[in-house]
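In my numbering, the protein residues as written are 80 to 568.
What follows is a single structure, written as structure tokens, with notes after it.
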Amino acid sequence: MKTILIAGSGNAALTAGIAALERGAKVLILEKADEPLSGGNTKYTAGAMRFAYNSGDELIPLLKDPKDPRLPKTDFGSYTQDKFASDLLGFNDGRPLSVEQTTLVTESYETVKWLASHDVKFQPIYSRQSFEKEGRHVFWGGLTLASDDEGVGLFNQELAAFKSLGGEIRYGTAVTDLLETDGRVTGVKTSNGEDLSADAVILACGGFEASDSLRKQHIGPNWDKAKVRGTPHNTGDGLVMAHAVGAQEYGLYGGCHATPMDLHMKDFGNLELPAGERKKYRKICYFLGVMLNAKGERFVDEGINFRNYTYAQFGAAIMDQPGHFAWQIFDAKVFDLLYDEYRFHDAHFVEADTLSELIEKLDGVDKAAAAKTLQDFNASVMTHIPFDPTTLDGKGTEGLALKKSNWAQSYDTSPFRAYPVTGGITFTYGGLKVNEVGAVMSKTGTAIDGLYACGELVGGVFFNGYPGGSGLTSGAVFGRRAGYGAAQS
């Protein structure tokens with residue numbers, strides 16, 4: 080029986096463990112955090128997974144409640160492999176699909192179905208990914224399913240599956256170094272002073288998003304100011320250890336997943352909140368309004384695409400603005416369309432009965448420039464096209480240097496509100512090169528015997544952003560691959 084050690088306990092680590100146990104291995108997960116903060120970034124997510132599917136019928140085997148009375152009135156549409164691939168290409172800055180991206184696309188549905196076979200089940204995301212239209216629930220962005228209780232629920236389901244197969248987990252035990260014999264990784268050193276031997280080690284302990292110094296080094300000088308959305312424990316330990324044994328750097332080290340967040344949120348927070356509230360410092364309804372920077376100027380096309388395809392880019396764009404903040408501006412016409420995060424008890428905003436009064440409340444903003452920006456915006460809105468949030472409605476602007484492509488509406492209905500936001504970093508894109516069985520590749524292009532990686536540590540999956548929900552799917556796809564590969568090594 081093979082003995083496998085896994086560093087980390089999030090979605091990627093647990094799927095790797097489940098896969099290895101399936102193949103008859105003995106698996107021990109070593110988690111740096113104590114039990115309450117175990118699970119890495121997984122617990123901080125919405126628990127949603129993006130995957131290719133051809134029809135709503137393919138979703139039924141994945142559902143926790145396949146008899147949900149809303150299902151007969153639901154239009155899931157389809158999300159084909161071609162569409163998933165096209166969406167990824169949209170974030171590649173001209174790069175072709177990487178091998179890793181192709182793997183993500185082609186193995187996405189199979190992997191989620193595999194998780195469901197281990198009783199990791201999902202529910203349709205009615206509240207955030209659909210709009211009601213003519214009595215039906217219409218899903219609009221290719222992202223349809225999430226775990227109950229968000230990322231915490233996904234973690235709990237996967238942990239239960241892992242333990243049911245005989246897996247063990249040890250908390251408060253960081254992997255601090257890799258052990259080698261004759262060029263093969265043969266185990267690990269731990270923070271408890273132990274040397275643990277293994278037939279294979281799987282690194283699944285996240286990227287470097289929680290390290291101020293590594294963010295500044297790899298992403299840029301502004302990025303030490305970013306709010307860290309997830310665990311404080313993802314400080315690049317796995318990358319450092321892998322590089323020490325000759326692993327090659329791979330992927331875009333200057334890239335990361337970022338999201339517009341409440342300017343006044345705290346770092347590493349939110350796990351103490353109940354389910355449904357853990358994501359509420361996120362502010363991603365910018366597509367229903369505009370965003371202004373300190374100069375009083377718009378700096379992105381807020382309506383260029385559905386928010387699933389833009390929030391990672393726009394979170395990063397905010398970090399590049401003066402002072403690393405922006406204000407999201409809305410009027411009363413869209414208040415009922417704003418997600419619950421805008422009505423959250425700890426949501427920060429200002430409100431006024433007129434636009435001019437609102438502008439005076441925008442701290443840190445050039446008031447005269449903001450007034451002109453909003454005046455010009457109002458004058459540019461197309462009036463002959465109806466507003467429709469369920470589709471790319473083409474209701475844009477005319478004559479602006481920076482247009483808004485869809486969902487443009489004049490600011491003409493009081494009251495008016497503005498929400499201060501900054502960029503929140505979720506995970507980093509630079510990582511390690513792995514082969515078709517999840518083994519870590521060396522600088523010379525050969526596999527490092529006994530060493531595997533998955534999750535955020537896999538480079539080459541994302542570049543200048545990604546369609547929402549792809550991160551958890553990537554963790555599961557490459558986690559399963561690493562688990563199978565390690566068990567057969």
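Glycine residues also receive a C-beta, built at the ideal position from the N, C-alpha and C atoms.
- Counting along the chain, the unbroken beta strand (DSSP E) around residue 212 starts and ends at 209 to 212.
- Contact annotation, residue 542 with residue 246: C-beta distance approximately 33 Å; criterion of less than 8 Å not satisfied.
- Unbroken alpha helix (DSSP H) stretches of 4 residues or longer found wholly inside the region 366 to 433: 390 to 398, given in chain order.
- By the neighbour-count criterion, in which 16 or more other beta carbons inside 10 Å mark a residue as buried, residue 399 falls on the exposed side.
- About 4 Å separates the CB atoms of residue 566 and residue 102; that is less than 8 Å, so the two are in contact.
- Contact annotation: the region 524 to 542 does not touch the region 450 to 469, with fewer than three C-beta pairs closer than 8 Å.
- Ranked by Cα distance from residue 381, the options 342, 473 and 422 are led by 473.
- Sequence-distant partners of residue 145 (beyond 5 residues in either direction) whose C-beta falls short of 7 Å from its own C-beta, in its chain, are 139.
- If only uninterrupted beta strand (DSSP E) runs of at least 3 residues are considered, those enclosed by the region 497 to 530 are 518 to 520.
- Annotated as distal: residue 286 and residue 325, with beta-carbon spacing of 8 Å or more.
- Comparing alpha carbon positions, the residue from 179, 193, 127 and 205 closest to residue 147 is 205.
- The continuous beta strand (DSSP E) containing residue 247 extends over residues 247 to 249.
- By the C-beta density criterion, residue 134 is exposed, having fewer than 16 other C-beta atoms within 10 angstroms.
- Minimum Cα-Cα distance from residue 390 among the listed residues 290, 299 and 505 corresponds to 505.
- In the same chain as residue 214, and ignoring 5 residues on each side of it, the C-beta atoms closer than 8 Å to its own belong to 152, in chain order.
- Less than 8 Å divides the Cβ of residue 190 from the Cβ of residue 559.
- Between residue 257 and residue 320, the CB-CB gap stays under 8 Å.
- Going by DSSP, residue 259 is part of the beta strand (DSSP E) stretching over 254 to 260.
- Considering only 342, 155, 272 and 173, the residue with the shortest C-alpha distance to residue 130 is 155.
- In this structure, the CA atom of residue 437 is about 32 Å from the CA atom of residue 212.
- Collapsing the DSSP output to three states places residue 297 in a helix.
- About 5 Å separates the CB atoms of residue 510 and residue 330; that is less than 8 Å, so the two are in contact.
- Contact between residue 445 and residue 396 does not hold, since their C-beta atoms are separated by about 18 Å, which reaches or exceeds 8 Å.
- Within a 10 Å sphere around the beta-carbon of residue 203 sit 16 or more other beta-carbons, which makes this residue buried.
- In the structure shown, the three-state DSSP call for residue 328 is strand.
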